Structures are given as C-alpha cells and as structure tokens.
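Numbering (my numbering), first residue to last: 53 to 336. All C-beta atoms in this analysis are idealised placements derived from N, C-alpha and C, irrespective of residue type, glycine included. Every value quoted in this text rests on a predicted model; they were computed, and no experiment measured them.
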Ligand code: NAI
C-alpha cells in the first residue's frame with residue numbers, strides 16, 4: 053500500500069517531532085491535539101528546529117518552506133478521513149489511547165493503518181477496541197525524534213504481515229532504522245533499559261555509591277554516552293516508575309520491583325529535569 057497522507061495525534065514532545073520528520077520526508081501531515089494552543093506550541097517547536105537546521109547549513113530554505121507547507125493542524129479526529137496512516141502520540145494512558153483509537157476507527161478510511169507511539173502499553177489491547185486489529189501496530193520512536201535513528205516496530209498479536217511491511221517501508225522513507233519486536237511488556241528497549249536504570253537507583257538506595265559515581269562508572273567503564281541516573285532524570289522519574297510497574301505487573305516477576313527510592317522521589321515531586329530536581333538539581 054502507498055502511504056501519502058498522515059495524521060499525528062498529540063503535538064507534545066514526541067508528536068511534534070514525529071510530524072516534523074514525516075513532513076521533512078515528503079508526507080502530507082495533519083497534526084492533531086486537543087487545543088489550538090497545544091498545536092501552536094508544537095508547530096513553534098518545529099519551526100525553531102527547522103530554522104536552526106537552515107542556520108547550520110543542514111537544510112536549504114526551500115526544504116524548510118516545503119516542509120512547513122506540508123504541515124497543517126486540526127483539533128478534530130474527523131479530519132483523519134483522508135489519511136493512509138495515523139500515528140498516535142498522546143499521553144501514556146490506556147483509557148485515553150483506547151478512546152482515541154475507537155474514535156479513529158470510525159473516521160479513518162478502511163485501508164488506513166493506525167499506529168501508536170506508546171513506550172510500554174500493549175498494542176494488542178489497543179488494537180482490540182478497533183474493528184481492524186490487523187491494521188494496528190506500534191511505532192516506538194525515540195526522543196528526540198529528529199535525531200534518533202531507531203523506530204522499534206511492535207507487532208500486536210493480530211497485526212498482519214502487510215501492515216508490518218508497509219510500516220517497515222515507511223520507516224525507511226523517514227531515514228530511520230526499523231527493528232521488529234513482538235508485543236511483550238516494555239518491548240525490547242524499555243525491558244532492557246529500565247531494569248538497568250532501576251538497578252542503578254538501587255545502588256544509590258543501598259549506599260553502594262553516590263549518583264555521580266554510578267554515572268561515572270557506566271560512562272567511563274561501559275562507554276555509555278550518558279549515565280543511567282542522568283538518563284532517568286531526562287526521561288522523567290514518573291515515567292521510569294510507570295514503565296517499571298508495567299514490567300512488574302506484566303511479568304509478575306520480583307526482579308522488576310521498582311526501587312523504593314524511585315517511588316519516594318516521585319512522591320516528593322522530584323521527577324527529574326522537568327521538575328528541576330531528580331538525582332541531580334537543575335537550574336531554571
Ligand atoms: P507530551 O505530554 O509531551 O504530549 C502529549 C500530547 O498529547 C499533549 O500535547 C496533549 O495535549 C496531547 N493529548 C492528550 N490527550 C489527547 C487526545 N485525546 N487527543 C489529542 N491529543 C491529546 O507526551 P510525550 O512525551 O510526547 O509522549 C507521548 C507518547 O509518546 C506517550 O505514549 C509516551 O509514552 C510516548 N513516548 C515518549 C517518549 C519520551 O521520551 N517522552 C519516548 C518514546 C515514546
């Protein structure tokens with residue numbers, strides 16, 4: 053199938069990045085959010101990133117204008133009625149996502165593929181609220197979307213080979229690398245990453261080492277570009293806790309037990325960089 057028109061739902065951190073990358077690659081993109089304010093904020097971010105790319109000589113002014121011309125905004129899901137693909141990037145909440153998918157199922161054309169950028173929720177469960185479970189799939193982009201090369205593609209239990217192939221091809225058109233993964237809690241990325249972050253938090257909790265020392269060991273010793281506790285602060289400690297809970301509930305295995313210190317920080321409102329304090333303090 054040929055994908056030309058795309059709707060991206062959610063103009064936040066991830067959705068705006070996904071819309072930008074799709075428009076840059078020649079797709080017509082409608083960006084959707086609940087309010088015009090949220091859409092304006094998303095578009096402003098895209099304009100800023102494109103302007104910086106032009107300034108640095110990584111993009112021509114012509115490409116900048118063409119990209120912006122391929123982007124439009126809407127607050128109505130009904131406007132998905134001429135789209136070949138919809139990529140959902142709303143908040144990580146099953147009730148919100150299933151509501152969006154069941155509404156989309158009524159408006160998007162019969163042939164359209166519905167994808168979710170969820171970082172941890174089961175694609176099979178999201179697909180089950182639609183009448184086209186074979187055309188529902190996970191497209192897990194990494195943050196920041198314009199920079200990161202990976203898209204983890206998650207096949208739900210009922211995702212068809214045709215749907216997978218169309219999304220694999222489309223991901224390559226975005227100049228990204230697709231990796232095929234089955235639908236299990238945390239997929240591959242977060243199943244491997246989050247327990248490492250959680251274990252790093254345990255080493256602080258048990259007094260094995262200070263956060264700076266833990267990060268230094270992993271950076272200098274394991275060649276990680278960023279220590280796990282710095283990374284946790286960037287991701288958001290609430291998000292890290294949420295994903296550990298998904299792993300713990302999904303597998304019922306105590307090895308995924310969230311560290312009590314992580315719970316305590318989240319309860320205190322120490323959510324990492326976005327709240328000004330996590331394992332480190334952030335100015336402003
Ligand atoms: P965000 O909070 O920056 O953006 C979410 C956007 O969705 C907001 O603009 C909000 O107004 C909008 N929204 C909420 N309900 C909506 C609805 N019913 N219809 C339309 N728009 C709605 O969140 P972020 O970080 O962009 O995350 C979005 C998704 O991407 C989540 O599922 C998250 O797990 C996933 N993700 C996040 C990553 C990250 O590093 N932040 C990385 C990979 C995936």
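Residue i beta carbon near ligand 1 (any heavy atom closer than 7 Å)
i: residue 235; result: no
i: residue 72; result: no
i: residue 85; result: yes
i: residue 144; result: yes
i: residue 124; result: no
i: residue 253; result: no
i: residue 195; result: yes
i: residue 160; result: no
i: residue 192; result: yes
i: residue 61; result: yes
i: residue 64; result: yes
i: residue 328; result: no
i: residue 304; result: no
i: residue 206; result: no
i: residue 185; result: no
i: residue 238; result: no
i: residue 152; result: yes
i: residue 189; result: no
i: residue 175; result: no
i: residue 287; result: yes
i: residue 284; result: no
i: residue 67; result: yes
i: residue 90; result: yes
i: residue 179; result: no
Simplified DSSP state of residue i, which is helix, strand or coil
i: residue 141; result: coil
i: residue 252; result: helix
i: residue 211; result: coil
i: residue 307; result: helix
i: residue 68; result: helix
i: residue 121; result: helix
i: residue 324; result: strand
i: residue 291; result: helix
i: residue 177; result: helix
i: residue 403; result: One cannot answer for residue 403 here, as it falls past the ends of the chain, which runs 53 to 336.
i: residue 199; result: coil
i: residue 260; result: coil
i: residue 109; result: coil
i: residue 132; result: helix
i: residue 298; result: helix
i: residue 183; result: coil
i: residue 266; result: helix
i: residue 227; result: coil
i: residue 240; result: coil
i: residue 154; result: helix
i: residue 274; result: helix
i: residue 53; result: coil
i: residue 97; result: helix
DSSP beta-bridge partners of residue i
i: residue 192; result: 204
i: residue 233; result: 206
i: residue 59; result: 82 and 138
i: residue 168; result: 140 and 190
i: residue 127; result: Answer by DSSP bridge pairing: none, since residue 127 is not bridged.
i: residue 329; result: 324 and 333
Short CB-CB distance (under 8 Å) between residue i and chain D
i: residue 182; result: Looking for chain D here will not work: only one protein chain is present.
Residue i Cβ short of 7 Å to ligand 2 heavy atom set
i: residue 170; result: Of the ligands this structure carries, namely ligand 1, none is ligand 2.
May I ask you to verify whether the region 136 to 144 touches the region 106 to 117, counting CB pairs closer than 8 Å and requiring at least 3?
Taking a cut-off of 8 Å on C-beta distances, the region 136 to 144 does not touch the region 106 to 117, as fewer than three cross pairs fall below it.
Can we say the region 286 to 299 touches the region 243 to 253, given the rule of at least three CB pairs closer than 8 Å?
As far as the Cβ criterion goes, the region 286 to 299 touches the region 243 to 253, which means the pair count is three or higher.
Counting Cβ pairs closer than 8 Å, one from the region 190 to 208 and one from the region 217 to 237, do we hit at least three?
Verdict: yes, contact present.
Within 8 Å, do at least three Cβ pairs link the region 123 to 132 to the region 178 to 198?
The region 178 to 198 vs the region 123 to 132: no contact.
Stretch pair the region 158 to 168 + the region 186 to 198: three plus CB contacts closer than 8 Å:
Short answer: they touch.
Are three or more beta carbon pairs between the region 218 to 227 and the region 88 to 95 nearer than 8 Å?
No, the region 218 to 227 is not in contact with the region 88 to 95.
Is the number of C-beta pairs between the region 295 to 306 and the region 149 to 160 that are closer than 8 Å three or more?
Fewer than three Cβ pairs drawn from the region 295 to 306 and the region 149 to 160 lie within less than 8 Å of each other, which leaves the two stretches out of contact.
Specify whether the region 59 to 75 and the region 92 to 104 touch according to this definition: at least 3 beta carbon pairs, one from each stretch, less than 8 Å apart.
With the rule of 3 Cβ pairs closer than 8 Å, the region 59 to 75 counts as touching the region 92 to 104.
Just checking, does the region 269 to 287 make contact with the region 311 to 330 on the three C-beta pairs under 8 Å criterion?
Using a Cβ-Cβ distance cut-off of 8 Å, the region 269 to 287 and the region 311 to 330 are in contact, since at least three pairs of beta carbons, one from each stretch, lie closer than that value.
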